[in-house]
Amino acid sequence: MNKNQHIYWAKVEHGEWSLHIAATEKGLAFVGSNHHPIDELAQWAARRKPRYALVQDAARLAPYAKEIIEYLQGERQQFSVAHDLSGTPFQQAVWQALQQIPYGQTASYSDIAAHINNSAAVRAVGAAIGANPLLLTIPCHRVVGKDGKLTGYRGGLPMKTELLKLEKTSVKRSAVHV
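Each residue of the sequence shown is one higher than the one before, starting from 1 at the first, in the UniProt record's numbering.
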């Protein structure tokens with residue numbers, strides 16, 4: 001097994017947050033749910049990259065962890081780290097659209113479907129969002145129901161609520177000029 005067949009992982013902890021993250025040589029490949037066991041990462045790896053070995057390496061993941069912690073502190077609104085995203089062309093289009101939702105704002109599933117020029121594909125958009133392996137960095141937490149209500153999230157609705165609250169608080173803080 002050569003080095004390109006490794007998934008490097010680490011645990012990111014900050015305040016009430018505890019997430020497993022993983023990357024390949026190409027970039028960040030997985031951001032886990034808050035307070036979920038390593039099993040979540042192991043199951044994702046077994047499905048998506050079955051020939052890769054999981055290797056714990058906090059030093060290698062330090063640049064990714066740094067940006068995630070900055071985000072959780074309300075100091076970062078966009079991520080600059082490389083991603084290693086595997087998905088269908090449709091999923092890739094949806095994940096690209098998610099990255100266009102401004103920090104501190106939300107969009108509906110139908111907004112995302114319209115953005116990718118496929119207004120009839122609202123349910124498929126939901127499935128693609130559910131397959132997003134990069135919580136936080138591909139901001140699927142910013143997607144809400146058409147009525148504005150919170151809907152499903154791989155990390156659970158409490159995590160989604162906290163992320164949206166974090167972003168709203170950060171936006172308010174940055175809007176205050178002294």
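Ideal Cβ positions, reconstructed from N, Cα and C, are used throughout, including at glycine.
Asked                                                                                                                   : Found
Candidates E25, L72, S18, D147: closest to T137 by CA position                                                          : L72
Beta-carbon proximity check, H20 vs A10, cutoff 9 angstroms                                                             : yes
Cα-Cα separation, H177 to R154                                                                                          : Residue confidence for H177 is low, a pLDDT of 45 falling below 50, so the modelled location carries little weight; the figure read from the coordinates is stated next. The alpha-carbon atoms of H177 and R154 are separated by roughly 36 angstroms.
Separation of A121 from D111, as counted between CA atoms                                                               : 11 angstroms
Close-in-space but distant-in-sequence residues of the same chain around Q79 (CB under 6 angstroms, 5 per side omitted) : A quick correction: the sequence has Phe, not Gln, at residue 79. If we look at F79 and ignore the five residues flanking it on each side, its Cβ neighbours are E67, T137.
Cβ distance (whole Å) where V12 is taken to contact I69 below 8 angstroms                                               : 7 angstroms
The segment 35-43 touching the segment 87-98, judged by at least three CB pairs closer than 8 angstroms                 : no
Which residues DSSP lists as bridging I7, in chain order                                                                : L54
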